[in-house]
Amino acid sequence: MIIKTERLILRPPVEDDLEALHHIFSQEAAMAYWSHPAHTSLSRTQETLDGMIASHAETGLEFVIEHSGQLIGKAGLWRLAEIGYIIHPDFWRRGFAWEALNAIIQVTWKKHPALPEITAEIDPRNDASKHLLARLGFRLTHSERATIKINGEWCDSDYFALARPQNDDP
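Residue numbers (my numbering): 36 to 205.
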């Protein structure tokens, strides 16, 4: 499945995306609040790409994001139904993450009519993601301390949920 928005193409990940994804996952700024440190090797990015491809096979909702023919990020549901996303810093603050996630959320409700909610987990220091999730209608459900250790530092997690719209017709 390919999703087209006003400015983006969301398509399933493929093996040929390795170098473009490495360009994103190797960015310290992009990975500052991710669940693992910036990638230092193509083999590490290959592991991530393999996971994305497997996730898409499972959920049908894991995508790479293209803008004007360039791969600029990824977004999707890697576990039914936890949403995740990353955008290259050169493309931040242009509304691309909102545009991609909004489209994925709409497709998710149609593709999985029995799904009651979509969840997200973020580092509570990531103000941009908190704002993005709020714009999309997500609500904070709870927080936990010291959930993941990255580069020797224990990080906390905030958990969010987006309930299926009441007026949604499956």
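We put the beta carbon where it would ideally sit given N, CA and C, even for glycine. Note that the structure is predicted; figures quoted are calculated from it, not measured.
Discussion item. So for residue 114, helix, strand or coil by DSSP?
Written reply: strand
Fill in: Every unbroken alpha helix (DSSP H) within the region 125 to 177, with a cutoff of 4 residues, ordered by chain
131 to 146, 162 to 170
Discussion item. Quick test of your reading: residue 110 and residue 152, contact by CB under 8 Å. State the CB separation rounded to the nearest angstrom.
Written reply: About 18 Å; that fails the 8 Å criterion.
Discussion item. For residue 74, tell me which candidate among 60, 186, 181 has the shortest Cα-Cα distance.
Written reply: 60
Worksheet item: How is residue 84 classed by DSSP in three states: helix, strand or coil?
Response: In the structure shown, the three-state DSSP call for residue 84 is helix.
Item to complete: Look up residue 94 in the DSSP assignment and say whether it is helix, strand or coil.
Response: helix
Item to complete: Please name the residue, chosen from 85, 44, 70, that lies closest to residue 14 on a Cα-to-Cα basis.
Response: Because the chain is modelled from 36 through 205, residue 14 falls outside the range shown and cannot be assessed.
Worksheet item: How many angstroms separate the CA atom of residue 183 from the CA atom of residue 135?
Response: Cα to Cα, residue 183 sits roughly 27 Å from residue 135.
Item to complete: Count the other CB atoms, across all protein chains shown, that sit within 10 Å of the CB of residue 125; report buried if there are 16 or more and exposed otherwise.
Response: exposed
Worksheet item: Cβ atoms of residue 191 and residue 68: under 7 Å apart, would you say?
Response: Contact: no.
Worksheet entry | Rounded separation between residue 138 and residue 123 - CA only | 19 Å
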